[in-house]
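To start, the structure itself, in structure tokens.
Numbering (our numbering), first residue to last: 566 to 686.
Below is the structure:
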């Protein structure tokens with residue numbers, strides 16, 4: 566069975582590169598361009614992992630993360646915040662919202678794939 570990964574990001578270049586990388590690794594990829602759609606897809610599609618940008622239209626990634634963590638039915642979903650917001654306060658907010666990991670942009674694709682594999686192991 567292929568692991569399903571949701572990319573929740575409003576930056577088309579990031580979505581294209583992440584999609585290509587994840588599909589090459591054998592993952593099924595879903596995409597949401599804003600926070601509201603991301604939460605709907607998380608509830609409807611139940612991905613194993615969400616790559617979640619903090620700054621998106623609709624709902625922020627922080628708000629999406631909090632909503633997922635508040636729903637016991639979604640407790641098994643892993644969340645990796647993948648964002649340009651790299652200040653200590655942003656990282657603390659993301660981890661406090663319930664993210665399993667926090668990676669700042671720009672990132673090493675090799676390191677990101679290693680982190681994703683570890684999170685899905």
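Every residue gets a Cβ at the ideal spot worked out from N, C-alpha and C, and that includes glycine.
Backbone secondary structure at residue i - three-state DSSP
i, result
"residue 579", "helix"
"residue 669", "strand"
Cross-strand partners of residue i (DSSP beta bridge)
i, result
"residue 570", "594 and 614"
Same chain only: Cβ atoms within 7 Å of residue i, ignoring 5 sequence neighbours per side
i, result
"residue 606", "571, 595 and 597"
"residue 583", "572 and 616"
"residue 625", "600 and 619"
Close Cβ partners of residue i (< 8 Å) along its chain, the five nearest in sequence each way excluded
i, result
"residue 636", "608"
"residue 672", "647"
"residue 680", "645, 666 and 668"
"residue 678", "586 and 590"
Close Cβ partners of residue i (< 6 Å) along its chain, the five nearest in sequence each way excluded
i, result
"residue 623", "599, 600 and 601"
**Prompt:** Where in the stretch 584 to 667 do unbroken runs of the alpha helix (DSSP H), each at least 4 residues long, occur, reported from the N-terminal end onward?
**Reply:** As summarised for the stretch 584 to 667, the continuous alpha helix (DSSP H) elements at least 4 residues long and confined to that stretch are 600 to 610, 626 to 634 and 653 to 661, given in chain order.
**Asked** Just checking, does the stretch 662 to 673 make contact with the stretch 624 to 631 on the three C-beta pairs under 8 Å criterion?
**Response** With the cut-off at 8 Å, the stretch 662 to 673 and the stretch 624 to 631 touch.
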